[in-house]
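Novice: There's a structure below that I have some questions on.
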Ligand SMILES: N[C@@H](CCC(=O)N[C@@H](CS)C(=O)NCC(=O)O)C(=O)O
């Protein structure tokens, strides 16, 4: 099958699919629709006009979780869903916590990074939501290398890009190391970088983040404990 991933390097949802495809050893063509397609052309692929979108020989799939589940079904050689039903549920739970509760405040905070025109009340509220999401997440991971079990899973593909995003945008609001404030999550994030697919995606995210911030600002790396 020929895969084309409509993608943005800094998008945590796109990074989720890239990590999964790297881990599975799948070749794909990565295309940025925001740079190569007109809004109308992108809308003709998907009315959502959001990345990622996977084109599989003409089958057009939007939504990162849908793409991830599809790839698990058709590319089963390297599974990123555990065989045990309880562990599978745990993977899906963590992905859902990320999608519903972690990315919501992070997306809003991303819209507030420019101090000019920043809404302090909104920022305060979103940090409250972020703190809640981090605490919920910490309840369901144990600080070891992988979010579930002893292998890379879709939970890691979801969470690592989101945690990268959290650790890099919150210093712009004066919270220097939001992951360090929740050591279980910090330990998990630090250890999971040992996985090659994780490291590759985090490198890509760092490069894209540095590009977005411009030459004067370095991305914030989390200090190792
Ligand atoms: N629920 C979607 C979210 C995708 C999403 O929000 N993508 C952002 C980039 S991180 C996007 O394409 N935004 C462009 C827009 O909303 O116009 C998924 O999981 O794929």
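Residue numbers (my numbering): 522 to 746.
Even for Gly, the Cβ is constructed at its ideal location relative to N, Cα and C.
Alpha carbon to alpha carbon, what distance is there between residue 533 and residue 738?
Specialist: Within the chain shown, the letter at position 217 stands for residue 738. Within the chain shown, the letter at position 12 stands for residue 533. Reliability fails at residue 738, whose pLDDT of 47 lies under 50, so the model's placement of it is uncertain and no value is given.
Novice: Thinking C-alpha only, which one of 714, 665, 570 is nearest residue 559?
Specialist: Within the chain shown, the letter at position 38 stands for residue 559. The shortest C-alpha separation from residue 559 is found at 570.
Novice: Strictly by DSSP, which residues pair up with residue 574?
Specialist: Position 53 of the chain shown, counted from the start, is the residue given in the question as residue 574. Answer is 527, 583, bridged to residue 574.
Novice: Let me know the secondary structure DSSP gives residue 550 once reduced to three states.
Specialist: Stepping through the chain shown from its first residue, residue 550 is reached at position 29. Three-state result, residue 550: strand.
Novice: Quick check on residue 635: does DSSP put it in helix, strand or coil?
Specialist: Translated into positions along the chain shown, residue 635 becomes position 114. Correct three-state label for residue 635: coil.
Novice: On the criterion of 16 or more Cβ atoms from any shown chain inside 10 Å, does residue 565 qualify as buried, or is it exposed?
Specialist: For the purposes of this step, residue 565 is identified with residue 44 of the chain shown, where counting begins at 1. Looking at its Cβ environment, which holds fewer than 16 other Cβ atoms inside 10 Å, residue 565 is exposed.
Novice: Counting C-beta neighbours from all protein chains within 10 Å, is the total for residue 735 16 or more, i.e. buried, or is it exposed?
Specialist: To locate residue 735, count along the chain shown from 1; it is residue 214. By the neighbour-count rule (16 or more Cβ atoms within 10 Å), residue 735 is not buried but exposed.
Novice: Consider the C-beta atom of residue 692 and the heavy atoms of ligand 1; say whether any pair is separated by less than 7 Å.
Specialist: Mapped onto the chain shown, residue 692 falls at position 171. No, the Cβ of residue 692 stays beyond 7 Å of every heavy atom of ligand 1.
Novice: Between the stretch 702-709 and the stretch 523-532, do at least 3 Cβ pairs fall closer than 8 Å?
Specialist: Judged by Cβ distances under 8 Å, the stretch 702-709 makes no contact with the stretch 523-532, as fewer than three pairs qualify.
Novice: Anyone know if the C-beta pair for residue 602 and residue 684 falls short of 8 Å?
Specialist: Within the chain shown, residue 602 is the residue found at index 81, counting from 1. Within the chain shown, residue 684 is the residue found at index 163, counting from 1. Not in contact: residue 602 and residue 684 (Cβ atoms no closer than 8 Å).
Novice: Using a Cβ-Cβ cut-off of 6 Å (strictly less than) and excluding sequence neighbours within five positions of residue 654, which residues of its own chain qualify?
Specialist: Here residue 654 refers to the residue found at position 133 of the chain shown. Excluding positions up to five away in sequence, the list reads 622, 623.
Novice: Less than 8 Å between the beta carbons of residue 540 and residue 722, yes or no?
Specialist: On the chain shown, position 19 is the one that residue 540 refers to. On the chain shown, position 201 is the one that residue 722 refers to. Yes, the Cβ-Cβ distance between residue 540 and residue 722 is below 8 Å.
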